[in-house]
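Undergrad:
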Amino acid sequence: MNIILFGPPNAGKGTQAKLLVENRGWVQLSTGDMLRSAIAAGSDLGKRVQAIMDAGELVSDEIVIELIEERLPEAEAAGGAIFDGFPRTVAQAEALDKLLAGRDSKIEKVVHLVVDRAELTKRVEKRAAEQGRADDTVDVFNNRFDVYEKQTAPLIPYYTGQGKVVKVDGMGSVEAVAASIATALDG
Ligand code: AMP
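Per the numbering used here, the sequence shown starts with residue 225, numbered consecutively.
1) If we count the other Cβ atoms within 10 Å of its Cβ and call it buried at 16 or more, is Arg-312 buried or exposed?
2) Which one or two residues does DSSP pair with Asp-308 in a beta bridge?
3) Return the Cβ separation of Val-362 and Thr-345 in integer angstroms, given the expectation that the two are a contact with Cβ distance under 8 Å.
4) Per DSSP, Lys-333 is paired with what?
5) Determine, using beta carbons only, whether Val-390 and Val-314 come nearer to each other than 9 Å.
6) Could you check what DSSP says for Lys-391 in three-state terms: helix, strand or coil?
7) Nearest to Met-258 by CA position, among Asp-410, Phe-307, Gly-236, is which residue?
8) Let's see if you can read the secondary structure: which residues bound the alpha helix (DSSP H) around Ser-404?
9) Mapping DSSP to helix, strand and coil, what is Val-338?
10) Taking Tyr-382 as the reference, give the member of Glu-399, Glu-318, Glu-354, Ala-406 with the closest Cα.
11) I'd like the span of the alpha helix (DSSP H) that includes Val-371, first residue to last.
12) In or out: Ser-254 buried (at least 16 other Cβ within 10 Å) or exposed?
13) Thinking just about the alpha-carbon of each residue, which of Ala-235, Leu-229, Asn-226 is nearest to the one in Ala-342?
14) Say yes only if the C-beta of Ile-331 is nearer than 8 Å to one or more non-hydrogen atoms of ligand 1, and no if none qualify.
15) Is it true that the CB of Trp-250 sits closer than 9 Å to the CB of Met-277?
16) Ignore the nearest five residues each way along the sequence and tell me which others in Val-392's own chain have a CB closer than 6 Å to its CB.
17) Tell me the DSSP secondary structure of Asp-321 in three-state form.
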């Protein structure tokens, strides 16, 4: 099954994606992780995207679409893809629909993790203290949230039109959210 874990920055997409990998054997396709690996490796791509990511802006659609395309065969072999942090624009969503259609495949569900902004801010303050990622300050979070509302939230009507969106309360414990996601996927 191919699913999208959708939601604002810090909603818990990465944590829940990793649990789905453990429990279902699917592959997590996180463009954020792929881009951070490129930066860590010091590649040309990493150099091109670092300042954009540090500022909490979006890197170009072309870059992330190419990264995703490269990983689709691996996800197919595993029987499922968990898209995490992708797509983030309507253009990316349209490109993903085309790529999957070309492989006789499609997105089955879009799990929308709903978390309010005050809780997201609390999480970023905690994580900034623990991990110190350059794009994990409250200022950058505020920009990431604005970018989410302007560029990514329009995906909700896009996928609602396809009848694929299931809302999940993302405010509870990791375990409670995981249980709600399981119900959303299997129910
Ligand atoms: P994430 O770990 O998903 O929050 O992504 C971290 C950063 O990587 C984002 O703030 C963007 O700068 C960049 N990024 C990740 N995924 C995408 C995407 N699908 N489109 C554009 N930029 C992305």
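All C-beta atoms, glycine included, are put in the ideal place defined by N, C-alpha and C. These figures come from a predicted structure and were not determined experimentally.
TA: Taking the coordinates as given:
1) When all chains shown are included, Arg-312 counts as buried.
2) In the DSSP assignment, Asp-308 is bridged to Leu-229, Ser-254.
3) Contact annotation, Val-362 with Thr-345: C-beta distance approximately 7 Å; criterion of less than 8 Å satisfied.
4) Lys-333 has Ile-227 as its beta-bridge partners, per DSSP.
5) One thing to note: Val-390 has its Cβ no nearer than 9 Å to the Cβ of Val-314.
6) Lys-391 falls in the strand class under three-state DSSP.
7) With distances taken between Cα atoms, Met-258 lies closest to Phe-307.
8) Judged by DSSP secondary structure, Ser-404 falls within the alpha helix (DSSP H) whose first and last residues are 398-410.
9) It is a strand residue.
10) Selection Glu-399, Glu-318, Glu-354, Ala-406 evaluated against Tyr-382 yields Glu-318 as nearest (Cα-Cα).
11) Val-371 -> alpha helix (DSSP H) spans 362-371.
12) Under this definition Ser-254 is a buried residue.
13) It is Ala-235.
14) Annotation for Ile-331 indicates a beta carbon at 8 Å or more from all heavy atoms of ligand 1.
15) Not closer than 9 Å, so no.
16) So the qualifying residues of the chain are Val-335, Leu-337, Ser-404, Ile-405, Ala-408.
17) It is helical.
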